[in-house]
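J.: Below you will find the structure I want to go over with you.
Residue numbers (the working numbering): 130 to 436.
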């Protein structure tokens with residue numbers, strides 16, 4: 130019997146985007162990592178540099194499941210941190226696409242942040258914060274010179290920093306960087322607890338009172354024809370979609386990564402479903418990452434009480 134040789138999985142190194150986040154303690158590494166996490170990056174905090182190459186190889190072996198990863202490496206790694214420059218060089222030799230983001234801030238800003246958080250500096254746990262900051266600056270100088278991107282966070286709020294990081298590494302995503310969930314529901318079952326925007330469409334004529342439409346849902350063409358055949362519904366949709374088209378880009382600008390739009394009628398079977406479908410398609414056509422869910426439609430088809 131022949132034994133087939135098992136070959137190792139090839140490393141798709143060019144298909145893995147790696148970002149190493151480093152910089153001064155208190156300069157905003159956590160906010161930067163969270164921003165990238167919101168954009169779909171697989172993030173690891175405080176990974177010892179000696180594990181970087183192995184981690185990158187595991188990402189490459191994931192068959193596309195992990196194509197973007199961000200790793201925070203800082204002085205919390207203790208003696209392991211000294212090998213970071215060498216590890217970065219090894220990653221490049223192995224052919225991985227790599228960018229280094231260095232976060233900086235003025236001494237005054239870092240001292241203020243440490244006082245506000247009441248934390249000790251890792252390089253000066255029993256002494257002055259300023260001494261720790263200056264020692265850390267000296268140790269990180271080589272990495273600062275080597276960095277592909279440097280952000281001075283002295284005058285940035287947490288939200289401004291997150292937006293700046295998203296702009297640097299997620300330019301191609303545009304509006305798609307915000308996920309939108311459109312949920313139809315019935316008020317008789319309660320409003321969605323996580324909804325950011327809620328629209329009540331019970332002012333529209335109800336298909337429940339049309340015998341042949343009663344067992345159907347708003348996904349059916351006959352129900353949609355009935356709902357949108359009403360001039361009032363047409364005018365409402367024109368104004369509501371214009372409102373969404375105006376406000377959603379501003380949510381993106383403010384760094385919001387997920388918006389939940391709830392659209393409700395009495396039972397959540399006809400009107401809200403039809404309108405949610407139309408809203409979802411409208412947003413998809415404008416390149417938003419959209420998911421449409423009809424929470425209560427099935428509940429009413431059995432009982433026939435969707436009024």
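C-beta: ideal position from N, C-alpha, C; glycine also. In this text, all values refer to a predicted model and were calculated from it rather than measured experimentally.
Counting Cβ pairs closer than 8 angstroms, one from the segment 390–401 and one from the segment 325–342, do we hit at least three?
T.: With the cut-off at 8 angstroms, the segment 390–401 and the segment 325–342 touch.
J.: According to DSSP, residue 226 sits in a beta bridge with which residue or residues?
T.: Here the question's residue 226 lines up with position 97 in the chain shown. Paired residues: 146.
J.: Within this structure, are the beta carbons of residue 273 and residue 152 separated by less than 9 angstroms?
T.: Position 144 of the chain shown holds residue 273. Position 23 of the chain shown holds residue 152. Yes, they are a contact pair.
J.: Tell me where the alpha helix (DSSP H) around residue 339 begins and ends.
T.: Here residue 339 corresponds to residue number 210 of the chain shown, with the count starting at 1. Counting along the chain, residue 339 falls outside any alpha helix (DSSP H), and DSSP gives it neither H nor E.
J.: From 296, 280 and 390, pick the residue whose C-alpha is nearest to that of residue 325; which is it?
T.: Position 196 of the chain shown, counted from the first residue, corresponds to residue 325. Nearest of 296, 280 and 390 to residue 325, Cα basis: 390.
J.: Pull up the distance between the alpha-carbon of residue 258 and that of residue 190, whole angstroms please.
T.: As a working mapping, residue 258 is identified with position 129 in the chain shown. As a working mapping, residue 190 is identified with position 61 in the chain shown. C-alpha separation (whole angstroms): 43 angstroms.
J.: Mind checking which residues open and close the alpha helix (DSSP H) that includes residue 379?
T.: Here residue 379 corresponds to residue number 250 of the chain shown, with the count starting at 1. Where residue 379 is concerned, the enclosing alpha helix (DSSP H) stretches over 360–382.
J.: Which class does residue 197 belong to by DSSP, given the choice of helix, strand or coil?
T.: In the chain shown, residue 197 corresponds to position 68, counting from 1. Correct three-state label for residue 197: strand.
J.: Got a sec, what are the start and stop residues for the alpha helix (DSSP H) residue 350 sits in?
T.: Here residue 350 corresponds to residue number 221 of the chain shown, with the count starting at 1. Taken as a continuous stretch (DSSP letters only), the alpha helix (DSSP H) holding residue 350 covers 350–357.
J.: Taking the alpha carbon of residue 375 as the point to measure from, which residue in 216, 242 and 415 has its own alpha carbon closest?
T.: One-based indexing of the chain shown puts residue 375 at position 246. Looking at the Cα atoms, 415 is the closest of the given residues.
J.: Where do the N-terminal and C-terminal ends of the beta strand (DSSP E) with residue 330 fall, by residue?
T.: Residue 330 sits at position 201 when you count from the first residue of the chain shown. No beta strand (DSSP E) holds residue 330; DSSP gives it neither H nor E.
J.: Residue 418 by DSSP, collapsed to three states: which one?
T.: By one-based count along the chain shown, residue 418 stands at place 289. If DSSP states are grouped into helix, strand and coil, residue 418 belongs with the strands.
J.: How about residue 322 and residue 377: do their beta carbons lie closer than 9 angstroms?
T.: Stepping through the chain shown from its first residue, residue 322 is reached at position 193. Stepping through the chain shown from its first residue, residue 377 is reached at position 248. No, they are not a contact pair.
J.: Out of curiosity, what's the CA-to-CA distance linking residue 144 and residue 170?
T.: Within the chain shown, residue 144 is the residue found at index 15, counting from 1. Within the chain shown, residue 170 is the residue found at index 41, counting from 1. Distance between the alpha carbons of residue 144 and residue 170 is about 13 angstroms.
J.: Give a yes or no on contact between the segment 161–175 and the segment 251–268, applying the rule of three or more CB pairs nearer than 8 angstroms.
T.: Too few Cβ pairs lie closer than 8 angstroms, so no.
J.: Going by DSSP, what residue range makes up the alpha helix (DSSP H) through residue 295?
T.: Locating residue 295 in the chain shown gives position 166, counting from the first residue. That run of the alpha helix (DSSP H) goes 287–298.
J.: Count the other C-beta atoms from every protein chain shown that fall within 10 angstroms of the C-beta of residue 267, then say buried if there are 16 or more, exposed otherwise.
T.: Translated into the one-based positions of the chain shown, residue 267 becomes position 138. Exposed, by the Cβ-count rule.
J.: Which one of 428, 407, 425 and 386 has the shortest CA to CA distance from residue 418?
T.: Indexing the chain shown from 1 puts residue 418 at position 289. Per the Cα distances, 386.
J.: Could you give the distance in angstroms between the alpha-carbon of residue 360 and the alpha-carbon of residue 366?
T.: As a first step, residue 360 must be located in the chain shown, where it is residue number 231. As a first step, residue 366 must be located in the chain shown, where it is residue number 237. Cα to Cα, residue 360 sits roughly 10 angstroms from residue 366.
J.: Under a three-way DSSP split, which group does residue 218 fall into?
T.: Residue mapping note: residue 218 aligns to position 89 of the chain shown, counting from 1. Note: residue 218 maps to helix in three-state DSSP.
J.: With DSSP as the reference, identify every bridge partner of residue 172, one or two as the case may be.
T.: For the purposes of this step, residue 172 is taken as residue 43 along the chain shown, with counting starting at 1. Residue 172 is bridged to 199.
J.: Leaving out the 5 sequence neighbours to the left and right, which residues in its chain are closer than 6 angstroms to residue 226 when beta-carbon positions are compared?
T.: For this step, residue 226 is matched to residue 97 along the chain shown. Excluding sequence neighbours, residue 226 sits near 146.
J.: Can you tell me whether residue 295 is buried or exposed? The criterion is at least 16 other CB atoms within 10 Å of its CB, across all chains shown.
T.: Stepping through the chain shown from its first residue, residue 295 is reached at position 166. So residue 295 ends up on the buried side.
J.: When the Cα atoms are used, what is the spatial distance from residue 293 to residue 219?
T.: As a position in the chain shown, residue 293 is number 164, starting the count at 1. As a position in the chain shown, residue 219 is number 90, starting the count at 1. Their Cα atoms are separated by approximately 28 angstroms.
J.: Report yes if the C-beta distance between residue 425 and residue 318 is below 9 angstroms; otherwise report no.
T.: For the purposes of this step, residue 425 is taken as the residue at position 296 of the chain shown. For the purposes of this step, residue 318 is taken as the residue at position 189 of the chain shown. In contact: residue 425 and residue 318 (Cβ atoms closer than 9 angstroms).
J.: Please report the straight-line C-alpha distance between residue 194 and residue 223, rounded to a whole angstrom.
T.: Locating residue 194 in the chain shown gives position 65, where the first residue counts as 1. Locating residue 223 in the chain shown gives position 94, where the first residue counts as 1. About 20 angstroms.
J.: Please state the DSSP three-state secondary structure of residue 409.
T.: Taking the chain shown and counting its residues from 1, one reaches residue 409 at position 280. DSSP places residue 409 in helix when its eight states are reduced to three.
J.: Between 289, 243 and 239, which has its C-alpha nearest residue 381's C-alpha?
T.: Indexing the chain shown from 1 puts residue 381 at position 252. Considering only alpha carbons, the answer is 289.
J.: Based on the DSSP output, what are the partners of residue 309 in its beta bridges?
T.: On the chain shown, residue 309 is found 180 positions in, with the first residue counted as 1. Answer by DSSP bridge pairing, in chain order: 388 and 419.
J.: Tell me, to the nearest whole angstrom, how far the beta carbon of residue 355 is from that of residue 342; I am working on the premise that it is less than 8 angstroms.
T.: Indexing the chain shown from 1 puts residue 355 at position 226. Indexing the chain shown from 1 puts residue 342 at position 213. So it is a contact: roughly 6 angstroms between Cβ atoms.
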